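Worksheet for the structure shown next.
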Amino acid sequence: MTDYLWIVIALPLAGAVFLHFFGQRLGEPWAGIVATSTIGAGFIYALVAAGDFFTGTGHGETIHLFDWIAPLGANAELLWDPLSAVMTLTVTGVGTLIHLYSIGYMHGDPRYGRFFTNLNFFAASMLILVLADNFGLLFVGWELVGLSSYLLISFWFTKPSAAAAGKKAFIVNRIGDVGFLIGLMLILANFSTLTYGTVLEEPARFITAGTATAITLMLLLGAAGKSAQIPLYFWLPDAMEGPTPVSALIHAATMVTAGVYMVARAASLFELSAFSMGTVATIGAFTALFAATIALKQRDIKRVLAFSTISQLGYMFLAVGTGAYIAGIFHLFTHAFFKALLFLGSGSVIHAMNDEQDMAKMGGLRTVMPVTHATMFVGWLAIIGIPPLAGFWSKDEILALVFGEGGWYGFLWVIGLVTALLTAVYMTRWMQLTFWGEARWDDGVHPHESPAVMTVPLLALAAGSALFGLINTPFKGFFQPAFEHFLEPSFEAIEMAHLPSGATPYVLAVISVAAAALGAWYATRRYRGENAFERAPVAEGRTGLWRWVDNGYYVDDIIGNLLVLPGKLVAAWTAFVFDSDVIDGSVRAVGGGVRRIGGWLRPLQTGFVRNYAAVTFAGVVGLLVWFVSRGVS
Amino acid sequence: MDFNVLSLLIWVPVAGAAVVVGLPRRRAELVIPVAFALSVLTLGLAGYLVFEFEGADGGFQFVEKTAIWSDLGIDYHLGVDGISLFLVALTAFLFPIGILASVNIELRPKEFMAALLLLEGALIGVFLALDLVLFFVFFEVLLVPMYFLIGMWGGERRLDAALKFFLYTALGSAFLLVGIVFLSAQANQQLGSPTFNYLELLDLDISRTAQYWLFGAFGIAFAIKVPLFPFHTWLPDAHTEAPTAGSVILAGVLLKMGTYGFLRFNLSLFPEATVQLATFLAALAVVGIIYGAAVAIVQPDLKRLVAYSSVSHLGFVVLGIFALTSQGVSGGVIQMVNHGLTTGALFLLVGMIYERRHTREISAYGGIQKVMPWFAGFFLFTAFASAGLPGLNGFVGEFLILLGSYSRHPALTIIAAFGVLLAAVYLLWAYERVFTGEPDKEENKALTDIGMREIGILVPMVALIIMLGIYPKPVLDRIEPAVERVIDRIEQQTDFQSPLRIDDIALDDEEVTP
Amino acid sequence: MDVTAGWYLALGAVLFVIGASGMLLRRNALVMFMSIELMLNAVNLTFVAIGRHTGDLNGQVAVFFVMVVAAAEVVVGLAIMIAVFRRRSSASVDDLAVLNG
Amino acid sequence: MTEISYLAIGPVIALTLGVVLVLLVEVTYKPKVTWLGAIAALSLLAGFALSVAQWIEASDDPIIRFRGMLALDPFAAFGSVVLTVLGAVALLVAWPLIVIQGRRAAEFIALVLLSLTGMILMAGAAHFIMLFLALEVTSISLYVLAGFARDNADSNEASVKYFLLGSFASAVFLYGVALSYAATGSLSLYGAAEFLNENLLLDSASLLAGIGLLIVGLAFKVSAAPFHMWAPDVYQGAASGVSGFMTAGAKVAGFAALARVAVTSYGPYISDWAPAVAVIAAISVVVGTMLAIAQSDIKRMLAYSSIAHAGFILTGLVAGIDGVPYVWFYVVTYAFQVLGAFAVVSVVSGPAGTRSPLTDYAGLAQRAPVLAGSLALLMFSMGGIPLTAGFLSKLYVFREAVDAGYLWLVVVGAVASVAGLFFYLRVIVLMYMNPQSEEGGVGETRVGDPLRVALTAVAVITLAFGIVPGPLLDVVTSALPL
Amino acid sequence: MAELVIFVLFGVIAIAGALTMVLHPNPVYGALGLMATMLSIAVFYVVNSGHFIAAVQVVVYAGAVMTLFLFVIMMIGVDRAESLEERLPLQRQLAIGLGVVFLILIGLIGGNAWITAPEAAAAPNGTVENIADLLFTDWLLPFEVTTLLLIIASVGAVALAQFDARRRGGEE
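Chains as they are written, first to last, in our numbering: chain A, 726 to 1358; chain B, 6 to 519; chain C, 421 to 521; chain D, 514 to 995; chain E, 1447 to 1618.
Written out as structure tokens, the structure reads:
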């Protein structure tokens, strides 16, 4: 079964190729159906292939397909172990639902077929990423998802903002990729190969802690780019220019989690450097808090979710940085469900509101869109961490494990807790402004419930968001931590973070649930009534701190004015002054100089025969000077 | 089969040029089919060569040797190894495409095609010649058809560009000639007979000082050809003013003569100087990478942008070569081929749009993806290939180069890695300005998408781009033995030890101790 | 004090230089031409002196041939002068400087 | 008297007979000019045949005849083969010019043949006075040819300048002969060589001064800088139909004489004269190239380029006897190239014209593809582009110079040859790529049959010896002086 | 002793004549000065036993050539004093400077050894017989070649200087 694992990648890839040529001709809804069925089939195949892992009898194996860049140890080899299985199942599972949803959502788009081409292509790329058995192939997937992300963000290319957002996403990702690439250089220089087998198995044989720090920090830069962490987070909010299913699939459920996956995958490397681990965790925690504060003031229905995603990814980084790899992956898994759910729900709303995304013009949708509202309600509870929904189990496990590490991590726990509170605030605000309260719709907007093809995935995801937390509870018996057991083979040699002993976890759980509840309660009170959408969480108006928050701390402006603009100026100076005047100028000067010398010499040929005689005679005398000096002893 | 395939590769196109010129005026319609057929025939020969090539052998194959100008030891001496094999194939591949791309030439099509075919023969000759004078002859003589291609069929500023191209590169060749002559004088002293035979010259014992001077003489010629910063300014002018086929060939193959020259001659003939100067050249290459990319970002002219991107990409090739590691050099070789394909394709694309709108100004366009979706798709695809997207060919080369050269030039390679970032910046920004948004200019709204002929030109390139990106193994397997020989030679002649030898990778895990 | 061949050689050299200077100093084509004749005469004197020293009559025969050449040269040279200067009533070569640069 | 060898002077007799016949027939019958041409052609043919006979005879048994006056060796034979062919091509090129001379045609043809006779004697002279006589025969004929167009002010000026400076140089040359005579006691080239081989001079000042002045005299004839000043004015002032012959013939004969004198008589003193020759070569190359760049008249440009080429040829001579074959190779191929180039000029600016501004050549490729093609080929060859004889010539002389230790000279030469490309390419740009080619360009374009033959011959020589130099190389490597 | 007197006397005349030619503004005087120099040189020939060439010198040079010069000077009409003012910059300085350097160099040669060829006991006797003996044996070929020079001289003179008569004939 695993011998043919490539089928999982090949299916969506074949779908993409097929749809590339025939997608537009197939049209609605067949293009969507083809795409959905390829990825769906991939999901089923992966499920069957992962059978051994469920029974606990499976162990990792590599499948060699063909040589790619053999000199670097970067071949087309797949690694099938529990970690990649979880990722594969998440990608294909959530992916299938989102594909399905898109069949309805993309209704009427002139480039309907092309959309599914790209979507399928993304799935294939993401699967290459998670199934790769070496950093080379990982990097292939890493870049290809970037490409799909670019294509899908700027899918509506006639909109300049969409085109710009796609470009921004790709380029910012590339900044991280440069770091990643440098990491790979370091790996190759020290290990002479990029294969996981050599690099990740007891890396201490090859490298010192210092080298490990260098490698992992570089890899972290890559991860930060892909997973939208500080300092490379700022592309993700703009990425919301893409169609909503794209936001759900790529910018919430799967692609952005690649960084987390990569850190977990390279755990044995990160483990060698306490500094890198601390950096990962700290970046994660601060990103979580930072993004959450910005989310408090956003008015765009999708941008709130985008910042929320950044914030939740911060949790995952916090987890893997603490050594809580399984908890991180678990949060990745649950987050995939509830964040995809929230995005699709917002997509359903946008769809219903005639492509309106401003929450100021929504409100009161609970009644007209009951199914959407119900599923969103589940998602809301899941993300703010109300037991027994999925978010609670995964987020709480992370916070508990972080608390257990103590020291600096204790401080990070506080940040995590505050973030949990803020999450409850902004998500409740989101619900409040969108579904509850009175309607503030524009004239001519007649919201309606979405068709079944959209609501069915919502329901499925809602079910997942509600139930999948239960597969990893810290209890015994039926509620045993099955997810953890499942993943353990992938982290055999890794030292994992441990839960605090005794009743502490339960106390911590109570604290975080209380924080969430507090936040939710406060928000429902705060955002009720007239012009709630303009209100800040505390204090009024668009002044001081809140103006900063409103504008995302002016990060985009700072980057634009301090990096991009000077960069362009430097490039322009190089091109139009240095290159054309100095470099080419000196070339032309040499050419012109030769000509000028000719011009200077010309007047010496005066035309006067006596001058000619003088020159000739001078030549005679000159030659005689040489010869006589040679001859006179 | 026993025939002189290498000679045929050179002389079929040259004879083709004669045939084309000899066609009677009233049968003018035959010119392009005949030229195309002959270039395809050459491609077939190249295919035969690739197919019959013994991959595991790092030496020269299909060697032909006849003394021609025997008094000075000048031979007609041809041979192909893994390094030149794919450059020959690339050349043979790009010419039929160049011819197809030029079917709309109105001014003297006969002479145009003849110049192209002559150029093809000479270019293949450059890569096959194993005699230094023969190499120089091909190296220099191909300036003539290229000069006419730019000067007669070029853009508005074609005269300056053609002259600059010719003089600048001829200046480099002058130093090369002096170097070659000096080398043969050395041979005369040491071997007792004059020779220009590359294989025999390898046995020379050249003093360290002489190596430096010779490295410099050869190096300047090749650096201008590559072009390495700061010798690059002829390139944007020539590329921009040349007709499409000219730009394709110029970028696709002509520049490779420089990098090929470095690899074939400087590394092998002057190993001592190579080891000493590798860092310096790598530094120039890295400056070129960043510089070319930075300048490309702000170019208002699409063709100039692509031209400057060549400076950047060729910098990678040189960096790889002077990494002096098997991976780096192999990466350099494969990157030569890759760059030929991607940049060639980019120039074709720019040519197609130029044919429609007669402007290369980026600002003259906008939103044309809507009216030319196929064109936009090809362009974006090629742009990503050029930017080194994994799965496409450009990545394989850049990846090998960067990873291979890190162990020798860590700091430089890290800087070079940012070139990958900048490539994305200038290509995507250009794409954004040309293709996205709503088409707001009347001229652009009326544009027609590319037709079957143009797609037919692009598809083979796209196919190769994908093929090389996904399965470069056949190519790499043939390149590596030849590259290994070069590195071996350097190690034998100097006390240099190349990091990252292939053998290290195959080491048993158990034996490795930290 | 014996007059050796060297004396004549020195005299020849002086005459040769005077002739050469005449080429440079005078703008009258005829005077320049006469200067050349003077130079040839100086060389002739040299030939004869050397021949005396080495007891070689060939030096004198060489002088004979130089004279023949000089005569032919004079004929052609004066023909050129006549052709060029006859209508100008001047023999200044400084007037002939249209071709330059 | 075994010293008299009619074979040794066979070509000279043939050409002299031609001269006499032409003059007599003209005086007696006043025939159509074609007849005169036929006589000249016959005498050239006979001269050529006799030269070949000389070659066959001399390659087995080289010898000096006429009591040390004239060498019958492969060197001389090859020289006269080349010169007779060159003369024939030159007459073809000059034919339109000859035709418009009317009744003066006989004199013109006679002078061309006479100067050729002098050149052939220069290549064979084994005696300094013989060489001086040959030199004067050549020069005086050329003085007349330069001023042949009596009504043309440019021609007048050219002939006066040529005459005065040429005579001046002859006097200097003669003084060199005298000093050499003083040093060696012999007026024979081989006598001098014998003396120098047998005696080690303690005091070589007069010998070396003599060598220096001899070099000046011959460098003047081949227009090497700084003895080149006359060349641009004279080549421009002479009628276009004949400047090519003046340039080419003087180069062949001058270098033949220079090579023979330098390597046979003064071979042992190569370490003294080679550096001086190298400096002259370098100055010539640089001055010729730089000034050619600044020209706007193609005749002057060609003149300066011929100065540069003189420098390149001298580059081969610094290697002494080893370089002689390549000096031959260079000078022979170059002679035909420059003849061809002036042939094109003589069409575009008229055979009797003296000015040929570059602007006349704009768009020539459209009006006269044959002319433009020939000129382009010649320009590439002079610029040293491979597959032309010009490239191989340079390669050979460079190699010899490097072998002789003159790397610096080769570097100068190589860089200058690139700079030289600038003006060669400029002509091509004008002919092929000029934007105003439709309206621009006023030059003549009709090519007569004689000229067509001449151009074809030149093109064939340039290309054939550029691709297959073997035959010519075989010949020149054995065309060594005794 | 007698030779010394002759050398000094005619040497001074020769140099004076030469300087007259170069420096006198009137070409006619110059020609006469040159004639004096030539005659002095003829005297030196005699002293050096060059009887035949001394005669030729007087007849050909002083007699024919210089007469021809005078004739042409008159014919062109420049038989009057002309300005010696130098208009070409540096020309005069160059002429004198180069001349001095040239003389110094020749002086350097003379300071060592003029003639390195072996010295003979007696000077050759340049009688007509002796000269003829050489001229028609060793020098046969150059003697014949002089005919070429004479042809050139006559053809050249005709080609360049013959005006009117034949041209008119040709044009009819």
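By construction, the Cβ of each residue, glycine as well, lies at the ideal position given by its N, Cα and C atoms.
Because the structure is a prediction, the values reported are computed rather than measured.
For the candidate residues Leu536/D, Pro864/D, Gly824/D, Val966/D, whose alpha-carbon lies nearest to that of Val924/D? The sequence position of residue 924/D within the fourth sequence is 411, counting from 1. Answer by Cα proximity: Gly824/D.
What does Arg1335/A touch in chain E if you count any residue whose Cβ is under 7 Å from its own? Counting from one through the first sequence, the residue named residue 1335/A turns up at place 610. Chain E residues near Arg1335/A: Leu1534, Gln1537.
Mind checking the segment 561-584 of chain D against chain E and listing, in chain order, the residues whose C-beta falls within less than 9 Å of any C-beta there? Arg578, Phe579, Arg580, Gly581, Met582, Leu583
Buried/exposed call for Arg1154/A, threshold 16 Cβ in 10 Å: Stepping through the first sequence from its first residue, residue 1154/A is reached at position 429. Flag for Arg1154/A reads buried.
What are the residues in the segment 820-843 of chain D lying within 8 Å of chain B by C-beta distance? none
Measuring straight from C-alpha to C-alpha, what distance separates Pro519/B and Ala929/A? In the second sequence, residue 519/B corresponds to position 514, counting from 1. In the first sequence, residue 929/A corresponds to position 204, counting from 1. Bear in mind that the predicted position of Pro519/B carries a pLDDT of just 35, short of 50, making it too unreliable to give a figure here.
Between Pro745/D and Ala816/D, is the Cβ-Cβ spacing less than 7 Å? Here residue 745/D is taken as the residue at index 232 of the fourth sequence, counted from 1. Here residue 816/D is taken as the residue at index 303 of the fourth sequence, counted from 1. In this structure, Ala816/D lies closer than 7 Å to Pro745/D by Cβ.
Do the segment 382-399 of chain B and the segment 473-487 of chain B make contact, defined as three or more Cβ pairs closer than 8 Å? yes
How about Ala659/D and Ser680/D: are their beta carbons less than 7 Å apart? Position 146 of the fourth sequence, counted from the first residue, corresponds to residue 659/D. Position 167 of the fourth sequence, counted from the first residue, corresponds to residue 680/D. Going by C-beta atoms, Ala659/D is not nearer than 7 Å to Ser680/D.
Reducing DSSP to helix, strand and coil, say where Gln1037/A ends up. Numbered from 1 along the first sequence, position 312 holds the residue referred to as residue 1037/A. In this structure, Gln1037/A counts as helix in the three-state DSSP scheme.
Name, going along the chain, the residues of the segment 629-656 of chain D whose beta-carbon falls closer than 8 Å to a beta-carbon of chain E. Thr630, Gly631, Leu634, His640, Ile642, Met643, Leu646, Ala647, Glu649, Val650, Ile653, Ser654, Tyr656
Under 8 Å by Cβ, that's how I've got Ala1501/E and Met1484/E pegged, so tell me the actual separation to the nearest angstrom. Reading the fifth sequence from its first residue, position 55 is the one you call residue 1501/E. Reading the fifth sequence from its first residue, position 38 is the one you call residue 1484/E. Between Met1484/E and Ala1501/E the Cβ distance is about 13 Å, and since that is not below 8 Å, they are no contact.
Should Ala1296/A go down as buried or exposed, given a rule of 16 or more other Cβ atoms within 10 Å for buried? To locate residue 1296/A, count along the first sequence from 1; it is residue 571. Buried.
When we look at the beta-carbon of Gly197/B and count the other beta-carbons within 10 Å, is it buried (16 or more) or exposed? For the purposes of this step, residue 197/B is taken as the residue at position 192 of the second sequence. Gly197/B comes out exposed.
Cβ closer than 9 Å: which chain C residues qualify as neighbours of Gln749/D? Working through the fourth sequence from its first residue, we reach residue 749/D at position 236. Residues of chain C passing the Cβ test: Leu519.
Out of curiosity, what's the CA-to-CA distance linking Pro994/D and Gly730/D? Indexing the fourth sequence from 1 puts residue 994/D at position 481. Indexing the fourth sequence from 1 puts residue 730/D at position 217. Between Pro994/D and Gly730/D, the C-alpha separation is close to 20 Å.
Below 8 Å, how does it come out for the segment 253-265 of chain B and the segment 226-240 of chain B: are there three or more Cβ pairs, yes or no? yes
What I want to know is whether the C-beta of Ala1568/E ends up closer than 6 Å to one or more non-hydrogen atoms of the ligand HEM. Among the components of this structure there are no ligands whatsoever, and the ligand HEM is therefore not found.
Runs of 3 residues minimum, wholly inside the segment 450-509 of chain B: which ones carry the beta strand (DSSP E) assignment? none
Residues in its own chain within less than 8 Å of Leu1581/E by CB, not counting five upstream and five downstream? Taking the first residue of the fifth sequence as 1, we reach residue 1581/E at position 135. Once the five neighbours on either side are set aside, the close Cβ partners of Leu1581/E are Phe1589.
Closer than 7 Å by beta-carbon distance: list the chain D residues that pair up with Met157/B, in chain order. Residue mapping note: residue 157/B aligns to position 152 of the second sequence, counting from 1. Going along chain D in sequence order, the residues near Met157/B (Cβ under 7 Å) are Tyr945, Met946.
In angstroms, rounded to a whole number, what distance separates the CA positions of Leu862/A and Thr1047/A? For the purposes of this step, residue 862/A is identified with residue 137 of the first sequence, where counting begins at 1. For the purposes of this step, residue 1047/A is identified with residue 322 of the first sequence, where counting begins at 1. The alpha-carbon atoms of Leu862/A and Thr1047/A are separated by roughly 27 Å.
Between Pro544/D and chain B, is there a C-beta pair that is closer than 7 Å? On the fourth sequence, residue 544/D is found 31 positions in, with the first residue counted as 1. Closer than 7 Å: no.
With Phe339/B and Leu137/B assumed to form a contact (beta carbons below 8 Å), what rounded beta-carbon distance in angstroms separates them? In the second sequence, residue 339/B corresponds to position 334, counting from 1. In the second sequence, residue 137/B corresponds to position 132, counting from 1. One point to set straight first is that residue 339/B is Ile, not Phe, in the sequence displayed. In fact, because the Cβ distance is near 26 Å, the residues do not count as touching under 8 Å.
Which residues bound the beta strand (DSSP E) around Gln66/B? Taking the first residue of the second sequence as position 1, residue 66/B is located at position 61. Note, Gln66/B: beta strand (DSSP E), 66-74.
Kindly indicate if chain B contains any beta-carbon less than 7 Å away from that of Leu934/D. Taking the first residue of the fourth sequence as position 1, residue 934/D is located at position 421. Yes - at least one Cβ of chain B is within 7 Å of the one on Leu934/D.
Note down, in chain order, every chain A residue with its Cβ under 7 Å from the Cβ of Ala1541/E. The residue given as residue 1541/E occupies position 95 in the fifth sequence. Here the neighbours are Ala1339.
Here's the rule: buried if 16 or more other CB atoms are within 10 angstroms of the residue's CB, otherwise exposed. What is Ile510/B? The residue you call residue 510/B lines up with position 505 of the second sequence. Confidence in Ile510/B is poor, its pLDDT being 45 and thus under 50, which makes the residue's placement unreliable; the coordinate value appears in the next sentence. By the 10 Å Cβ count, Ile510/B comes out buried.
Output needed in chain order: residues of the segment 679-692 of chain D with a Cβ under 7 Å from some Cβ in chain C. Ser680, Phe681, Ala684, Leu687, Tyr688, Ala691
Give a yes or no on whether 7 Å exceeds the smallest Cβ distance from Leu557/D to chain E. As a working mapping, residue 557/D is identified with position 44 in the fourth sequence. By this cut-off, Leu557/D is not an interface position.
List, in chain order, every chain D residue whose beta-carbon is nearer than 8 Å to that of Trp74/B. Here residue 74/B corresponds to residue number 69 of the second sequence, with the count starting at 1. In chain order: Leu905, Pro982, Gly983, Leu986.
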